[in-house]
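Which chain is which? The protein sequence lines are A and B, in order.
Residue 327 is where the first sequence ends in the UniProt record's numbering, and the numbering goes up by one at each step.
Residue 327 is where the second sequence ends in the UniProt record's numbering, and the numbering goes up by one at each step.
Glycine is no exception: its CB is placed at the ideal position from the N, C-alpha and C atoms.
Quick caveat, the model's predicted, so the values are computed rather than measured.
Step one of this worksheet: look at the structure below.
There are 2 protein chains.
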Amino acid sequence: MVTIADIAKIAGVSKSTVSRYLNGGSISDATRKKIERVIDANSYSPNKFAQSLKAKKTNIIGTIVPRLDSYATSQTLIGIDEQLRELDCQLVISNSSQDLNREIENIYSLAKQKVAGIILLATEITDGHLEAFRQAQIPVILVGQQHDQLHSIIHKDYESGYELGKYVLQKGHRNIAYLGVTEKDIAVGIKRKEGFKKAVEGQPDTLVHYFETSFNIKGAMERVPEIIEEYQPSIIVCATDNIALGALKAAYMKGLRVPEDLSLTGFGGYDITEITYPGITTAKFYYKEAGRMAAKDITKLVNGEELGKISFTKYEIIERESVDNLL
Amino acid sequence: MVTIADIAKIAGVSKSTVSRYLNGGSISDATRKKIERVIDANSYSPNKFAQSLKAKKTNIIGTIVPRLDSYATSQTLIGIDEQLRELDCQLVISNSSQDLNREIENIYSLAKQKVAGIILLATEITDGHLEAFRQAQIPVILVGQQHDQLHSIIHKDYESGYELGKYVLQKGHRNIAYLGVTEKDIAVGIKRKEGFKKAVEGQPDTLVHYFETSFNIKGAMERVPEIIEEYQPSIIVCATDNIALGALKAAYMKGLRVPEDLSLTGFGGYDITEITYPGITTAKFYYKEAGRMAAKDITKLVNGEELGKISFTKYEIIERESVDNLL
DNA sequence: TTATGTTTCGGAACCGGTTCCAATTGGTTC
DNA sequence: GAACCAATTGGAACCGGTTCCGAAACATAA
């Protein structure tokens, strides 16, 4: 390992001069050239630990994800990764495996690592989270959930729910099942549903039933047959694309044709919804873009810049073949 | 920030004594108790940078992945993450976005961070990789590809290809298309194909055509129609589940029923192959398990233990509905 | 009680950087 | 050539740990 002292000795200057060279202090042209030569002749690069030890901080951004095997997570991470690379920040990913306690532990652990900021792909914010953030004294950006004490980047859950609701009505559906998720998840469990509710309420001769399932495909597969049998909806509006995938499989297994016998919609815009047959109509969120924004925003916070509490990402209704036109 | 010096002062001992307490040196019972009390009264924990600076090493394992949005990557990472957590190692994930140069840069970058070991989810090993590893002087485990100079964990590509070949024959298929990928990818592009070839060669009255496409779904969607039109195979054996998904979509779009008009198989065992309709018959690899093994092995190497050059993960042919029985 | 051997402990150096401060150098101006 | 000011430079302290080494404390044996 070649150190700054070695460079200094070889170049015939002092450590402090080399350090100044590295950090842009005032230096004469002659010594600048000399040091430059020596440094890349010996391919020197400063020891990160020594730097962090002295600086008491790093340029690492910690990202906590609830799970690694999810489209939304992957895409968001890709966006974060790309942007942080441009900003010359290091990314550390911390997986909480959908365990809120582990999530909180991860906050403390990142704090001990002296990360400059934390991006949290949030599902639910508890007092434990807030306490951890308070103790850590580190800037935080939430992605996907809103909280009035924290900065967040959120998808337009309410608006997309509303627009999708209007779309479904416009296609002539009047007997609707909405298959949602737990209200603990404010964004997905409440906002989407509320937006949808707002869109369909007041529409004459329209029946809407609300159901709840888990986030995974299997859960939806099991839930959907009962719903169909009991209420015979012409459409099931699913709160996530995964749920829609489960519903699609369930429909197939019951021998129903989609969309002729049953229409479906999702939320998310996962790539796979384009590949299924039929393609699934869905409210597409721009996760990668959200990741990019999160990365930009966290570095702004780290640098002490001002920042609005909330940013929104755009969304788009992608019309495919899974919704029948009943009119 | 409370430091070791603070603890020492409060406890009325020297820094070295506290350090000994932390690292298991010889200490009298009385001072042990005293220090213990002070430490958790002040919730002290040692500064990682200072430790790493002195020790010139870390307990961080770097994992380089070619992409984040892939089933195989996610699952492998989950396995690595779980196992490293048990082994009290820190995981750092480095994404190369399928860019070999960036992959090599990432090796150097991890080396600069003084990671204890590197796990590489490999696609192709170039001289640049070898040179980087040589310079880094850090233990490496390859996952998914084999290389005689490096330790690796590989899936049984040849064997699974062979078994799937036999399966296809046994189902009575005699006009077969094999849709593979570039031979630059030894495991996926060559091994799987060779295993399959071995299984079908010598089978009388059997026609097999080999084709190549990219790794993504879209590529397969575009490639498959030509293949069907030109050769009318009864089955397309796809080198990855993604390719099979693309083929499935392409078949649907041509109005072909699967498996009645066209059979399909994949490799990988992605969860989604269970959800499509019909479910896709595939050779399932245990990525999570491979990740676990990689994590265990890299820590063994880090600790200087001996290790065989190659480990295999198991695989399994998952029979679903996408293969018609022609007999 | 003294000599000897073990534990236990403190002091100081070190890891590889950064930064403050004072000293030197060089260039201007009179 | 002296005086002055700004630009460069070197020395030393510091960040928060670990570790070597010698001193002190204690226990045991003679």
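Pairing L130(A) with I104(A), the inter-Cα distance amounts to about 9 angstroms. In this structure, the CA atom of L77(A) is about 44 angstroms from the CA atom of V13(A). Contact between F285(A) and Y252(A) does not hold, since the beta-carbon distance rounds to 26 angstroms and is not under 8 angstroms. Scanning chain B for C-beta atoms nearer than 8 angstroms to the C-beta of L53(A) yields N47, F49, A50 and L53, reported in chain order. Nearest in C-alpha terms to I60(A), of all of Q51(A), H155(A), V92(A) and D40(A), is V92(A). In the displayed model, N47(A) falls within coil according to three-state DSSP, outside both helix and strand. In the structure shown, N325(A) falls within a coil segment according to DSSP collapsed to helix, strand and coil.
The Cβ of I93(B) sits closer than 8 angstroms to at least one Cβ of chain A. In the DSSP annotation of this structure, the continuous segment of the beta strand (DSSP E) that includes K284(B) starts and ends at T281 to F285. Sequence-distant partners of D185(B) (beyond 5 residues in either direction) whose C-beta falls short of 8 angstroms from its own C-beta, in its chain, are T123, E124 and Q145.
Secondary structure note for V18(A): its alpha helix (DSSP H) is the uninterrupted segment K15 to N23.
If you compare the alpha carbons of L264(B), I138(B), Q137(B) and A283(B) with that of Y158(B), the shortest gap goes to A283(B).
Against L77(B), the close residues of chain A are L68, D69, I93 and N95, in the order they occur along the chain (beta-carbon pairs closer than 9 angstroms).
Residues of the region 264-289 of chain B with a Cβ closer than 9 angstroms to any Cβ of chain A, in chain order: D271, I272, E274, I275, T276, Y277, P278 and G279. Rounded to the nearest angstrom, the Cβ distance from E82(A) to R292(A) is 7 angstroms, consistent with a contact under 8 angstroms. I80(A) places its beta carbon 8 angstroms or farther from that of F312(A). Distance between L207(B) and R174(B), taken at the CA atoms: about 6 angstroms. For the region 155-169 of chain B, there are no residues whose beta carbon sits under 7 angstroms from a beta carbon of chain A. In this structure, A30(B) sits away from K15(B), with a CB-CB distance that is not shorter than 8 angstroms. By the neighbour-count criterion, in which a residue is buried when 16 or more other Cβ atoms sit within 10 angstroms of its Cβ, L110(A) is buried. Shown here, F211(A) sits in a strand according to DSSP, grouped into three states. By the criterion of a C-beta distance shorter than 8 angstroms, G165(B) is surrounded in its chain by G195, F196, K197, K198, A199, V200 and V237, once the five residues flanking it on both sides are discounted.
In this structure, DSSP gives V2(B) a state outside helix and strand, which the three-state scheme calls coil. In terms of beta-carbon proximity, L150(B) stays away from the interface with chain A, with every pair separated by 8 angstroms or more. Identification of chain B residues near L245(A) by a Cβ-Cβ cut-off of 7 angstroms yields I275, ordered along the chain.
Among the residues of chain B, those whose CB is under 7 angstroms from the CB of I217(A) are I275, following chain order. In terms of CA proximity to D69(B), F215(B) leads the group F215(B), L248(B) and R32(B). In this structure, L307(A) sits away from I243(A), with a CB-CB distance that is not shorter than 8 angstroms.
With respect to the C-alpha of I317(B), the residue from K300(B), F267(B) and I310(B) having the closest C-alpha is F267(B).
Under a criterion of Cβ atoms nearer than 7 angstroms, the residues of chain A adjacent to Q113(B) are, in order, K48. Per DSSP, L256(A) lies in no alpha helix (DSSP H) and is assigned neither H nor E. The C-alpha of G62(A) is placed about 20 angstroms away from the C-alpha of Y71(A). The alpha-carbon separation between V140(A) and K57(A) amounts to approximately 15 angstroms.
Excluding five sequence positions before and after G189(B), the CB atoms of its chain that fall closer than 7 angstroms to its own CB belong to G180, V181, T182 and E183, given in chain order. In terms of beta-carbon proximity, S74(A) lines the interface with chain B, with at least one pair separated by less than 8 angstroms.
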